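Protein chains: 2
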Amino acid sequence: MTTLALESSKFLCAWPCHDARLPWEACPMDQRLSLITLAVADVEASRRFYLAGLGWAAEIHVPGEVLMIRTGQHLLLSLWDAREFEAEVGPIAAGPGLAPITLAHNVGSPGEVDQILATARDVGADPVQDAVRREWGGFSGYFADPDGYRWEIAHAPGQIERLVVPPAR
Amino acid sequence: MTTLALESSKFLCAWPCHDARLPWEACPMDQRLSLITLAVADVEASRRFYLAGLGWAAEIHVPGEVLMIRTGQHLLLSLWDAREFEAEVGPIAAGPGLAPITLAHNVGSPGEVDQILATARDVGADPVQDAVRREWGGFSGYFADPDGYRWEIAHAPGQIERLVVPPAR
Numbered sequence: 000m001t002t003l004a005l006e007s008s009k010f011l012c013a014w015p016c017h018d019a020r021l022p023w024e025a026c027p028m029d030q031r032l033s034l035i036t037l038a039v040a041d042v043e044a045s046r047r048f049y050l051a052g053l054g055w056a057a058e059i060h061v062p063g064e065v066l067m068i069r070t071g072q073h074l075l076l077s078l079w080d081a082r083e084f085e086a087e088v089g090p091i092a093a094g095p096g097l098a099p100i101t102l103a104h105n106v107g108s109p110g111e112v113d114q115i116l117a118t119a120r121d122v123g124a125d126p127v128q129d130a131v132r133r134e135w136g137g138f139s140g141y142f143a144d145p146d147g148y149r150w151e152i153a154h155a156p157g158q159i160e161r162l163v164v165p166p167a168r
Numbered sequence: 000m001t002t003l004a005l006e007s008s009k010f011l012c013a014w015p016c017h018d019a020r021l022p023w024e025a026c027p028m029d030q031r032l033s034l035i036t037l038a039v040a041d042v043e044a045s046r047r048f049y050l051a052g053l054g055w056a057a058e059i060h061v062p063g064e065v066l067m068i069r070t071g072q073h074l075l076l077s078l079w080d081a082r083e084f085e086a087e088v089g090p091i092a093a094g095p096g097l098a099p100i101t102l103a104h105n106v107g108s109p110g111e112v113d114q115i116l117a118t119a120r121d122v123g124a125d126p127v128q129d130a131v132r133r134e135w136g137g138f139s140g141y142f143a144d145p146d147g148y149r150w151e152i153a154h155a156p157g158q159i160e161r162l163v164v165p166p167a168r
């Protein structure tokens with residue numbers, strides 16, 4: 000009887016940490032991130048940096064409102080006009096200082112780290128913090144996008160590299 | 000001669016927006032996000048919420064310092080002690096208001112949205128903003144993690160659903 004009930008359920012828990020035979024009604028929440036949204040002051044400035052500068056491709060672009068870019072399997076980076084963000088989500092913390100987040104782009108060698116930071120500088124990223132050896136055993140530096148969001152370009156050999164750097168490279 | 004040079008290159012551009020025959024030295028930067036890092040006040044509070052509460056599994060956990068969770072293929076969510084974050088990245092904007100980012104978890108139906116928001120409330124998320132119909136055609140609500148980071152639980156039918164909700168569900 001249980002088997003019949005499960006077979007009739009359209010959705011099943013999809014993530015390995017959950018029992019895949021559970022119907023979705025019994026799943027707490029798959030550990031999946033679908034979109035990361037960043038509030039931006041000027042969507043067109045973001046477009047110039049990410050598309051014209053880094054050579055990335057837009058998946059969805061509503062000029063002046065939102066720009067979405069595929070940054071992985073089943074993953075979008077969304078750059079959303081800050082006024083629209085605040086109207087839906089709430090007021091953003093103002094004042095000096097950084098956003099409390101970073102985005103990392105991991106690669107397979109220290110040489111690639113230096114190369115990408117140089118590319119970012121060439122297309123106007125400011126500031127760019129040159130890569131250094133880190134106490135956790137890797138090599139990384141940062142660049143800022145037009146809104147100051149920090150991208151860390153990292154070579155993190157070992158477990159993290161095996162998890163996040165595509166093996167097909 | 001060009002072909003020989005390319006064959007001798009260890010890494011090639013891996014993303015469809017780039018010419019896959021380019022050696023990595025000529026690639027600007029693949030459009031890949033490897034980690035999203037959130038500065039948190041108390042890594043153990045994050046652990047209780049994400050692992051004990053939502054039932055997620057840790058990939059890497061250094062108590063009091065960092066907790067990393069797989070949230071997609073080649074993707075990690077990293078919850079990093081805010082003091083260590085500031086020492087490496089820089090001072091975080093203080094004062095009232097939200098971080099200028101949201102994380103979205105997209106699902107295949109409005110019913111799943113309501114179910115997950117109820118689960119989040121059950122495990123202590125505060126505040127939880129019930130889901131409503133959105134002008135962009137979907138249905139979504141938000142919950143806050145222990146540091147106030149907003150997760151949007153969304154049903155976004157159409158192009159976004161096809162891109163970010165795994166078809167195997």
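Protein chains in written order, with numbering that gives the first Met the number 0: chain A, 0 to 168; chain B, 0 to 168.
Glycine included, each C-beta is placed from N, C-alpha and C at the ideal position.
Since we're looking at a predicted model, the values are computed, not measured.
Does residue i pass the burial test, meaning 16 or more other C-beta atoms within 10 Å, or should it be called exposed?
i: PRO169 of chain B; result: The structure shown does not extend to residue 169 of chain B, since chain B is modelled only from 0 through 168, so no value can be given for it.
i: LEU102 of chain A; result: buried
i: ASP129 of chain B; result: exposed
i: ARG161 of chain A; result: exposed
i: ARG82 of chain B; result: exposed
i: ALA119 of chain B; result: buried
i: VAL131 of chain B; result: exposed
i: TRP135 of chain B; result: exposed
Mapping the DSSP letters down to three states, classify residue i as helix, strand or coil.
i: GLY52 of chain B; result: helix
i: SER139 of chain B; result: strand
i: ALA44 of chain A; result: helix
i: GLU85 of chain B; result: helix
i: GLN30 of chain B; result: coil
i: ALA153 of chain A; result: strand
i: ALA38 of chain B; result: strand
i: GLY107 of chain A; result: coil
i: ASP113 of chain A; result: helix
i: ARG132 of chain B; result: strand
i: ASP80 of chain A; result: strand
i: VAL61 of chain A; result: strand
i: VAL163 of chain A; result: helix
i: GLN158 of chain B; result: helix
With C-beta atoms as the reference, is residue i less than 8 angstroms away from residue j?
i: GLY140 of chain A; j: ALA155 of chain A; result: no
i: VAL39 of chain B; j: ASP125 of chain B; result: no
i: GLN158 of chain B; j: ILE59 of chain A; result: yes
i: LEU66 of chain A; j: SER33 of chain A; result: no
i: SER45 of chain A; j: LEU78 of chain A; result: yes
i: ILE68 of chain A; j: VAL112 of chain A; result: no
i: PHE84 of chain B; j: ASP144 of chain B; result: no
i: VAL88 of chain B; j: PRO62 of chain B; result: no
i: ALA56 of chain A; j: GLN30 of chain B; result: yes
i: ALA51 of chain A; j: GLY94 of chain B; result: no
i: LEU116 of chain B; j: VAL127 of chain B; result: yes
Which whole-angstrom value is the C-beta distance of residue i and residue j, which I expect to be below 8 angstroms?
i: VAL122 of chain B; j: LEU53 of chain B; result: 6 angstroms
i: PRO90 of chain A; j: ILE91 of chain B; result: Not really, about 17 angstroms apart at Cβ, beyond 8 angstroms.
i: GLY110 of chain A; j: GLN72 of chain B; result: Incorrect: roughly 25 angstroms between the Cβ atoms, too far for contact.
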